[in-house]
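Single-structure report; data block below.
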Amino acid sequence: MEIGGINYRAFETFLKEKGREVKSPEDFADALKEFVLWVNSQQENAKNVKEAVLRGEDVPLHRMVIEFEKAGVALNLMIEVRNRLLEGYQELLRMQV
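Structure below.
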């Protein structure tokens, strides 16, 4: 049984949005780190929009809603990735050698 590498193309879109250089990760930890950084940036964007609204700046309502939804979806995705990783780890622990 051969286990191939992780398809990194899904993360390329996220990196291009932020103007970061797109490169293949050296290992899974690098890909996971980039993903966590992307989720954090989505949360920061939502926070910045919220603070702008609270300061009384002219922020369109649709922009605020979109940023909040993007941050929520990103966080939910990260939670699901974490859950799958934990399931995989638990499966490895149950394996008999």
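Residue numbering for the sequence shown follows our numbering, starting at 14 and increasing by one per position. For every residue, glycine included, the Cβ atom is placed at its ideal position computed from N, Cα and C. Keep in mind that this is a model prediction, so the values were computed, not measured.
Kindly indicate which residue of the options has the alpha-carbon position closest to the one of residue i.
i	options	result
residue 81	73, 48, 59	59
residue 87	105, 108, 53, 43	53
residue 84	64, 51, 110, 45	51
Please report the distance separating the alpha-carbon of residue i from that of residue j.
i	j	result
residue 79	residue 56	12 Å
residue 45	residue 97	13 Å
residue 110	residue 32	46 Å
Just to check my reading of the structure: residue i and residue j have Cβ atoms closer than 8 Å, yes? What is that Cβ distance to the nearest angstrom?
i	j	result
residue 94	residue 77	About 26 Å; that fails the 8 Å criterion.
Counting only the same chain and skipping the five closest in sequence on each side, list residues whose C-beta sits under 7 Å from that of residue i.
i	result
residue 112	Nothing about residue 112 can be read from this structure; the chain reaches only from 14 to 110.
If we require 4 or more residues per run, which alpha helix (DSSP H) segments fall completely within the segment 28 to 87? Runs of the alpha helix (DSSP H) lying entirely within the segment 28 to 87 and spanning at least 4 residues, in chain order: 41 to 67.
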